[in-house]
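Enquirer: First, the structure itself, so that you have it in front of you.
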Amino acid sequence: AGALKISDPASFGFAPRDMLALIVSCFIKFSFSSVFRRFCVESQSSLDDFYTTVDTVRQRALVAPDIAAQLSAMKEEIQKTQAEIEAEDEVFDDPPDELLCALMMDLLHDPVALPMEGEDLTLVNRGSIRHHLLQTAQNPFNPTQALTMEDVEKHSASEAVAPRIEAKMAEIDAWKVAQRKAAADAKK
C-alpha cells in the first residue's frame, strides 16, 4: 500500500509540532483542575498510554522545553491523584447500598436526584447521568420517560429534594470519616 506523501506540507498550513504544542497547552490548562485530574484517573482510558506519551514528547523534544516541563508536572499531579484515589478505594471499599449511585453502583460523590414517581429518591452521580444522557435522552430506570440534564438539575434543586440530597451527602461524609478512622486505627 502506497503512502500519501505531501512534498511541501507547510504550503497547506500543516505544522504538526505547532498543533501538538497547542493541544498540549490546552491539556495543561485543564490540569490545574482537581476535577479534571480525577476524571483522567477514573475514565476508562489507559493512564499508562498517557504516561508513555508524555515521556515520548519529552524525550523527542516535540514541544518547547517550558511546555514539556509543564506536561511532566501535570503527569506527576495525575499520578498523585491516581495514588489518592487508589488509597480512597481501599478505605472506602464496600460502602452501604444506600450510599451508592443507583446507575453505576459506586460511592455517591456528586449526587443528583432523578425525577421519578413516588417518595423515594433515586440518586446518581452527576457525571454518570450526564454520560448516560449523552447516549440516550431517557430515564435509565424508566425508558418511556424522556429526560434531560436540565430536568435532573431542576428536580435536584427543588425545595422538596435539595435538602434530602444535602442530608445524604452529610451521611456519606460521616461514613467516610468513620472509614478513615477505622483504617487509621487498623494501622496502629
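In terms of the working numbering, the sequence shown is numbered consecutively and its last residue is 188.
Idealized CB from N, CA, C, for every residue including glycine.
1) Rounded to whole angstroms, what's the CA-CA distance from Arg-60 to Ala-68? Just pull it up for me.
2) Taking the continuous alpha helix (DSSP H) assigned at Pro-65, which residues delimit it?
3) What is the rounded straight-line gap between the Cα of Glu-86 and the Cα of His-155?
4) Can you tell me which of Arg-38, Glu-117, Ser-72, Pro-96 puts its alpha carbon nearest to the alpha carbon of Ala-83?
5) What does the alpha-carbon distance come out to for the pair Val-41 and Ile-129?
6) Short check: CB of Met-74 to CB of Ile-28, under 7 angstroms?
7) Return the chain-ordered list of same chain residues with a C-beta closer than 6 angstroms to the C-beta of Gln-70, the five sequence neighbours on each side being excluded.
8) Would you list the one or two residues that DSSP bridges to Gln-138?
9) Please work out which residues of its chain come closer than 7 angstroms, Cβ to Cβ, to Pro-140, disregarding the five sequence neighbours upstream and downstream, and give them in chain order.
10) Alpha carbon to alpha carbon, what distance is there between Leu-99 and Val-124?
11) Determine the burial state of Ile-111: buried for a count of at least 16 other Cβ atoms within 10 Å of its Cβ, exposed for fewer.
12) Could you check where the beta strand (DSSP E) with Leu-123 kicks off and where it finishes?
13) Please go through the same chain and pick out, in chain order, the residues whose beta-carbon is closer than 7 angstroms to the beta-carbon of Lys-80, but skip the five residues on each side of it.
14) Is Phe-92 buried or exposed, if buried means 16 or more other CB atoms sit within 10 Å of its CB?
15) Using alpha carbons as the reference points, say which of Asp-66, Met-116, Gly-13, Ala-10 lies closest to Pro-143.
16) Tell me which same chain residues have a C-beta within less than 8 angstroms of the C-beta of Ala-148, skipping the five on either side of it?
17) List the endpoints of the continuous beta strand (DSSP E) containing Leu-47.
18) Nearest CA to the CA of Val-57: which residue from Ser-72, Asp-48, Leu-47?
19) Whole-angstrom Cβ separation of Ile-172 and Leu-108, contact assumed at under 8 angstroms?
20) With DSSP run on the structure shown, which of helix, strand or coil describes Val-112?
Expert: In short:
1) Rounded to the nearest angstrom, the two C-alpha atoms are 10 angstroms apart.
2) According to the DSSP assignment, Pro-65 belongs to the alpha helix (DSSP H) that extends over 65-91.
3) Per the coordinates, the alpha-carbon of Glu-86 lies some 33 angstroms from the alpha-carbon of His-155.
4) Looking at Arg-38, Glu-117, Ser-72, Pro-96, the one whose alpha-carbon comes closest to that of Ala-83 is Arg-38.
5) So the two alpha carbons sit approximately 19 angstroms from each other.
6) Cβ distance < 7 angstroms, so Met-74 and Ile-28 count as in contact.
7) Excluding positions up to five away in sequence, the list reads Ile-28.
8) Beta-bridge pairing by DSSP links Gln-138 to Ala-146.
9) Closer than 7 angstroms at the Cβ level, and outside the excluded window around Pro-140, lie Leu-103, His-132.
10) If you take the alpha carbons of Val-124 and Leu-99, they lie about 10 angstroms apart.
11) The question names Ile, yet the displayed sequence has Pro at residue 111. Burial of Pro-111 is indicated by the presence of at least 16 other C-beta atoms within 10 angstroms of its C-beta.
12) Leu-123 -> beta strand (DSSP E) spans 122-125.
13) Excluding sequence neighbours, Lys-80 sits near nothing in its chain.
14) In the assembly as shown, Phe-92 is a buried residue. Its beta-carbon has 16 or more other beta-carbons within 10 Å.
15) Of Asp-66, Met-116, Gly-13, Ala-10, the smallest CA-CA separation from Pro-143 is found for Met-116.
16) For clarity, residue 148 is Thr in the given sequence; the question names Ala instead. Taken in chain order, the residues that qualify are Leu-133, Ala-137.
17) In this chain, Leu-47 is not harboured by any beta strand (DSSP E); it is covered by the alpha helix (DSSP H) spanning 47-59.
18) The shortest C-alpha separation from Val-57 is found at Ser-72.
19) Contact holds; Cβ gap of about 6 angstroms.
20) In the displayed model, Val-112 falls within a strand according to three-state DSSP.
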